[in-house]
Structure formats: structure tokens, C-alpha cells
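Heads up, the thing below is written out as C-alpha cells.
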Amino acid sequence: MKLFELHLLHRKWGVHPIVRGNQKGHFQKWIMRDVVLEIKNLTRRFGAFTAVDALTLSVNAGEVFGLLGSNGAGKTTTIKMLTTLLPPTSGEARVSGFSITNQPVGVRRAIGYVPQAVSVDGSLTGYENLLIFAKLYDLPRREQQARIAEALEFMNLTADAGRMVGEYSGGMVRRLEIAQSTLHHPKVLFLDEPTVGLDPIARDAVWKHLVDLRTNYGTTLFFTTHYLEEAESHCDRMAIMHKGKIAALGTCKELEASLGSGHTLNDVFVHYAGNALNSSDSFHDVAAVRATAQRLG
Amino acid sequence: MTVTFIHPLTGFIEKTFVITEFELRKLRHDFTELITRALQPALWLLIFGQVFARSGAMHTGNIPYLDFIAPGILAQSVLFVAIFYGINVIWERDLGIVQKFLASPTPRTALVLGKGLSAGIRSLSQTVIVYGLSLLLGVKLNWSPLALLNVLIIVVLAATLFGTFSLIIACIVKTRERFMGVGQVLTMPLFFASNAIYPTDIMPGWLKTISHLNPLTYVVDALRTFMLAGSTSTFGLGLDYAVILVTTIILVLVGARLYPRLAT
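Taken in sequence, the protein lines are chains A and B.
Position 13 (the first sequence) corresponds to 13 in this note's numbering; numbering is contiguous.
This note's numbering runs 1000 ahead of the 1-based position in the second sequence.
What follows is the structure in C-alpha cells.
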């Protein structure tokens, strides 16, 4: 098996095939370089409550990785730690080789982040929302306009660049947020519930653009979602989180097969997360999700 | 991913102005706020000022009362513009804007100072309004370019100071409801425990002590010195500037430490 094929296998299935002979050294080096996100025993406590409990996980470059779980499972807390917004209580993670605790600025340069709530400014135009981030991410002045034009074109927003974002539809807002978070061509794009509150057509459009990002720029996508069908259609691998721990990890097929034949992802979710999706929503969670949905809708 | 090497200080200054620039772009899209803000200084000068000037109750030495309070009302308008700045920050937190800025490599001090400075530039419109009203009321203004420049600098610094103070409160209370309560509770004492509408000489001892710890007192003193023709500083302009600058720097540093709390 050639090195390239091994790489494809590795990238597609996240498995580390057995390599023999003199290929081994090369391949291990490749893999080591290829891991873009490495999480070890990452833990976050809020008082007596452990939101994320000794999470260990690695994600490869160019992978689309989904984090699934009920509200309160620890998904958002995990993303907040990985994006340096929340310091971990213990444990460590490296994003693109930078430590989230000791090299937060390196991490911030390497990532893009689309929070669940609306993160573009409605009182500025689409173009201005991109310009501010082009400047904050130190894109060279002569490249700024070209990058903005490219991002607008890529997200199909060129015609609306001069309009106030307050007048955008929900799907356009999300696409603008993704454009804003990827202007600097990040290695990893973190998305917290990227399609919450969007209608099915807008959701498809957002996913089409996300998949294109990975294809064209090799961007690694790390996202949380409530929609199992989205995870099934788009993830290379996924993890199901339950009470701060990873209850299951693998490709969709692997997870379904782990329960025996004839099981759906929904069965897998119920099996590992102990309940159906959304059953543990608190008032605060529901209010937050609905507020986002309302703003986007 | 493009990374360019930028000296930390240059980067800090550049990012501060980027934040300020975009706050001002928002204002350009919708400037109704500037017009509605003109009402408050007009009420204080035209009604409160005129009535108290007629009553002769305030002894302001050789300066007429209306002249005395014009700089005080400018300082008050700046305080009011700046102190509710924290509300915007909480609004941006309830959306996801604060989180997105904090996940970018922008220095925290630049995020905080940039916001404060934009409060400062917003407050410049208040200066135009108070100068216009003062002309109307016959206040003897000092039109020397140097004095005018100093007034502008003091206004921007004062708004940065109180805007950052407001941001710190926002970082602590985190919700709009609590902020409105706390904002109200802090603004009035800051205003009344200062030399804005009466001289500190007529205050009881304890209030006088508080007023000397209040940065607004030094803002008013500096504004009064530069705005009015033939006015001298009570505390000395050096002390005025020192208090305003040092307080601003401390507040920006504290704000930068607390700002990330909004994302948690």
C-alpha cells in the first residue's frame, strides 16, 4: 500500500493502519504532523459540577469532526476551552501545535470560531464586518481587499456586501459569520451548532459551503450539532459526549456497527447518551437556542 | 494562514484604532443617537442653569453661575454618554460578538481601550452642543486654539475613563437588568459628588473629601480652566491631567483582565 493511499485511509476513516518496514517511520512522521488537534485529559469544573471530564481526543488535519450530545453534555464548554475562551481546570490541548494554556495567541491565529449565537454586527454592512476581521487578523493591507472579495464570492454574498447585516436572512448571516471566521485561512474552524435556527434550505447551503472550505483549503472542521442527520451526512468521525465524557467515538458506520446490525445513528445516540436528544434541555438552554433561532430567522 | 510579524506596541495601537474605527462606522450608519443626546445638556443649561443663575443661591466667586456650570454640564454629558457604554458590551455578549473578538488574536487591552476611545469620540458631539448652547447663553468662552485642543483631549480622555469604568461594571454584573440598576446608582453620586454644578467649597467636609477622590472633579476643573476666558485651575492642570491619565490606564488594565469573563 502506497503512502498516499495510507494517508487517504487515515484521513477518511481516522484509522491508523499497520505499516511495516521502512515506510513506518515516514508514515508516523506524517501522522504526527497531520494531527491538528490533540486533547489530553481536558477537564473543566464549575464548583462541584464537572462539565468536561478528562476528555482525550485527537483530530486530523482536513477532518470534519462532529461533537454530539444533549445540552449540558459539555460540548460548548469543550469548544470554549479549545478556542481559549475558557481556561481548563486541568489537562491540556494543542491546536495546530500551540498549547491552549501557554500559547493562546498562537491558537487564536490558527483557528476560526463561529459561536452559536449571532456573531456579526447588524449595524455594519457585510463588507465592514469582514474588513474589521481582516484588520484584526493582520492580513497584509494589499491582500485585504482580495481576501474579502474571495470570501464573499465563496459564501455567495458578493451582491449583498454593501447591505446592512441587520437586513440579512438567517442563512446569509451564518454564511457571513463563516466568511468572517475563515478570512485568515485558519487551520481549524470551530463551529458551535452552525445550523441551529435555520430552515432546511439554508442549512444545506451552509453545509455546502463548509464542505467546500475543507475541499478547497483543507480546513479542519470541528463542530457541535443537535442534528444527527447532519452528523451522519457530513462527519468523517464523530464523538458522542455524555456527562462531560466521550461515550463513543468513530465513524458513523463504526458507531452503528458497535450496536450490531440494523441500528441507526439515533439508536446509537440513545444507547450512549442514555436518552433521546434534547431531553435534558434546561430553561436557559432552550431560551438561548430560541433567541438565536429568532435572530437568524 | 498568513502571519505577519508586527511589533507588540504597534500592533496594540493599530488594533485599538481598528476597534474605534468600527464603533464609529456604526455611528455613521445611524446618528440619531447623537441628536437625542443633545437634549440633556440643553435641559441642564437652559432650565437648571438659568433658574439657579437667577436665584443667586450659588456663590461661584467672580465667575457668573452659567459660566461656572457650562464646563460641568459638558463633563456630565460625557459621563452620561460613556457610563452606559457597558450596555452595548452586554448586548454584544448576548449575541456572540464578544466571544468572537476574544477568540481572535487581538490584545485584550486594545479591545478595551478601542471601545473606550470610541466613547470619547462620540462625546465630541456633546462638546459642539455645549459650546453652541454656551454661545447662546452668553458664556465667556476661551477661543484660543490651544485651549480648544485641550478641551477636546480632556473630553476624549474623560469618556475613555468612564467608558472603561462602565465596561468593567458590565464584566462584573453581566446582565442588562443588573447593569441598568448599578449604572444609575453610580452615575448620580459621581455627578453630585463633584464640582460640576457647585463649588466644592460649599460642600460639607465628608462630601468634599469624596469629591476630591472623584476623577470627574478633575475633569471638570480642567475643562473649566480651558473653556472659560480668564479662569484658573483649582487643583493645577498637572494634577488634573495626572489623575485622569493614571485612572484611565489603571481602568484599561483592569478592564482587559476582566473582559475575557464575558465569554465564559
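Even glycine gets a Cβ: it sits at the ideal position worked out from N, Cα and C.
Query: Please look up how many angstroms separate the CB atoms of residue 171 of chain A and residue 202 of chain A, rounded, as I've assumed it's under 8 angstroms.; Result: 3 angstroms
Query: Which residue wins for smallest C-alpha separation from residue 1029 of chain B, given the options A:223, A:142, A:166?; Result: A:166
Query: Does any residue of chain A bring its CB to less than 8 angstroms from the CB of residue 1025 of chain B?; Result: yes
Query: Go through its chain and collect everything with a Cβ distance to residue 1251 of chain B's Cβ below 7 angstroms, but skip five positions before and after it.; Result: 1161, 1164, 1165, 1168
Query: For the stretch 1101-1116 of chain B, list every residue whose C-beta sits within 7 angstroms of some C-beta in chain A, in sequence order.; Result: 1102, 1103, 1104, 1105, 1106
Query: Using alpha carbons as the reference points, say which of B:1095, B:1085, B:1102 lies closest to residue 82 of chain A.; Result: B:1102
Query: Less than 8 angstroms between the C-beta atoms of residue 1220 of chain B and residue 1049 of chain B, yes or no?; Result: no
Query: Evaluate the contact criterion for the stretch 36-54 of chain A versus the stretch 68-84 of chain A: three or more CB pairs, one atom per stretch, below 8 angstroms.; Result: yes
Query: Have a look at A:56, A:36, A:89, A:57 and flag the residue whose alpha-carbon is nearest the alpha-carbon of residue 50 of chain A.; Result: A:89
Query: What span of residues does the beta strand (DSSP E) with residue 90 of chain A cover, start to end?; Result: 90-95
Query: Of all the CB atoms in chain B, is at least one closer than 8 angstroms to the CB of residue 222 of chain A?; Result: no
Query: Determine the extent of the alpha helix (DSSP H) in which residue 1085 of chain B is found, giving its start and end residues.; Result: 1085-1094
Query: Does the Cβ-Cβ distance between residue 1078 of chain B and residue 1151 of chain B come in under 8 angstroms?; Result: no
Query: With respect to the alpha helix (DSSP H) encompassing residue 299 of chain A, which residues constitute its N-terminal and C-terminal limits?; Result: In the structure as shown, chain A begins at 1 and stops at 297. Residue 299 of chain A is therefore absent and cannot be evaluated.
Query: Short check: CB of residue 231 of chain A to CB of residue 247 of chain A, under 8 angstroms?; Result: no
Query: Ignoring anything shorter than 3 residues or poking outside the stretch 92-176 of chain A, list the beta strand (DSSP E) runs there in chain order.; Result: 111-114
Query: In whole angstroms, what separates the C-alpha of residue 1107 of chain B from that of residue 1047 of chain B?; Result: 45 angstroms
Query: Count the other CB atoms within 10 Å of the CB of residue 1247 of chain B; is the residue buried (16 or more) or exposed (fewer)?; Result: buried
Query: Helix, strand or coil for residue 1150 of chain B per DSSP?; Result: helix
Query: Could you tell me whether the Cβ of residue 34 of chain A comes closer than 8 angstroms to any Cβ of chain B?; Result: no
Query: With 16 as the cutoff for other CB atoms within 10 Å, does residue 24 of chain A come out buried or exposed?; Result: Low confidence applies to residue 24 of chain A: its pLDDT is 41, below 50, so where it sits in the model is not reliable, and the reading given next is rough at best. By the 10 Å Cβ count, residue 24 of chain A comes out exposed.
Query: Among B:1075, B:1124, B:1092, which residue has its Cα nearest to the Cα of residue 117 of chain A?; Result: B:1092
Query: Pull up the DSSP beta-bridge partners for residue 44 of chain A, would you.; Result: A:52
Query: Please tell me whether, using a cut-off of 7 angstroms, the distance from the CB of residue 1020 of chain B to the nearest non-hydrogen atom of the ligand GDP is below it.; Result: Inclusion of the ligand GDP in the displayed structure is not the case, the ligand content being empty and no account of it being possible.
Query: Can you pull out the residues from the stretch 77-99 of chain A whose beta carbon lies closer than 8 angstroms to at least one beta carbon of chain B?; Result: 80, 83, 84, 85, 86
Query: Closest to residue 1147 of chain B by C-alpha separation, out of B:1226, B:1011, B:1094, would be which residue?; Result: B:1226
Query: Identify each residue in the stretch 1171-1197 of chain B for which the Cβ-Cβ distance to at least one residue of chain A is less than 9 angstroms, and report them in chain order.; Result: none
Query: Starting from residue 1221 of chain B, trace the alpha helix (DSSP H) in both directions and tell me its first and last residue.; Result: 1215-1227
Query: Assuming residue 36 of chain A and residue 235 of chain A are in contact, meaning their beta carbons sit under 8 angstroms apart, how far apart are those beta carbons, in whole angstroms?; Result: With a Cβ gap of about 16 angstroms, residue 36 of chain A and residue 235 of chain A do not count as contacting.
Query: Can you name the residues that DSSP bridges to residue 58 of chain A?; Result: A:38
Query: Residues of the stretch 161-185 of chain A in Cβ contact with chain B at a cutoff of 9 angstroms, in chain order, please.; Result: 164, 177, 180, 181, 184, 185
Query: I want to verify the contact list: residues of chain A whose CB lies under 8 angstroms from the CB of residue 1263 of chain B, in sequence order.; Result: 80, 85, 86
Query: Would you list the one or two residues that DSSP bridges to residue 188 of chain A?; Result: A:111, A:220
Query: Per DSSP, residue 67 of chain A is paired with what?; Result: A:224, A:239
Query: Give every residue of the same chain whose Cβ lies closer than 7 angstroms to the Cβ of residue 1060 of chain B, excluding the five residues on either side of it in the sequence, and list them in chain order.; Result: 1068, 1199
Query: Should the stretch 189-202 of chain A be regarded as contacting the stretch 215-226 of chain A, the criterion being three or more beta carbon pairs within less than 8 angstroms?; Result: yes
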